[in-house]
Structure formats: C-alpha cells, structure tokens
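Q:
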Amino acid sequence: VERLAARLGVPVICEGRLRSAEDVRRAFECGAFAVVIGGAITGVDWLVRHYVAATKSRGQRSEVGGQ
1035 VERLAARLGV
1045 PVICEGRLRS
1055 AEDVRRAFEC
1065 GAFAVVIGGA
1075 ITGVDWLVRH
1085 YVAATKSRGQ
1095 RSEVGGQ
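The sequence shown: position 32 = 1066 (this note's numbering), numbered continuously.
1. Which residues does DSSP pair with I1047 in a beta bridge?
2. Once DSSP output is grouped into helix, strand and coil, what is the label at S1091?
3. Determine the closest residue to V1035 out of A1055, S1091, C1064, with distance taken between C-alpha atoms.
4. For the alpha helix (DSSP H) containing V1058, name the first residue and the last one.
5. By how many angstroms is the C-alpha of T1089 removed from the C-alpha of L1038?
6. Just how far apart, CA to CA, sit T1076 and S1091?
7. Are there 16 or more other CB atoms within 10 angstroms of the CB of A1061, so buried, or fewer, so exposed?
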C-alpha cells in the first residue's frame, strides 16, 4: 500500500485481509485513501474459528454452539 500510494498519485483503496482495527490503522498510515472491511465484520464463521483456534493453542477446551 505504501509503495502504491507513493507511486500512483491517485487515491488507493485497501481491500482484503483487514481483520483488525490495527490492520485498518496501518493501512491508513501507509497512505490508503480508504479501506474496505468485509469479512472482518461479516465473516462470523471466520471470527469464531479464529477465537476457537486461539483457545485451543493454549490447551483450553472450546465449544462452539454448545458442541
């Protein structure tokens, strides 16, 4: 994003793989004119899997949907 914004001279819209507020902040710091947030807020399944994986990596038991 930083290289594109510097070279193109037109507004750069950053889309894809923005999964946290930190990712969005960094995109703007790198010169993005705007960001598109899709799966980070609509991909509930991804979000649940993300937290379950984090829990399992610490050796904790995880349940999703009572299962």
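Don't be surprised by glycine CBs; every beta carbon is placed ideally from N, CA and C.
A: The relevant details are as follows:
1. A1068
2. helix
3. C1064
4. 1055-1063
5. 37 angstroms
6. 24 angstroms
7. buried
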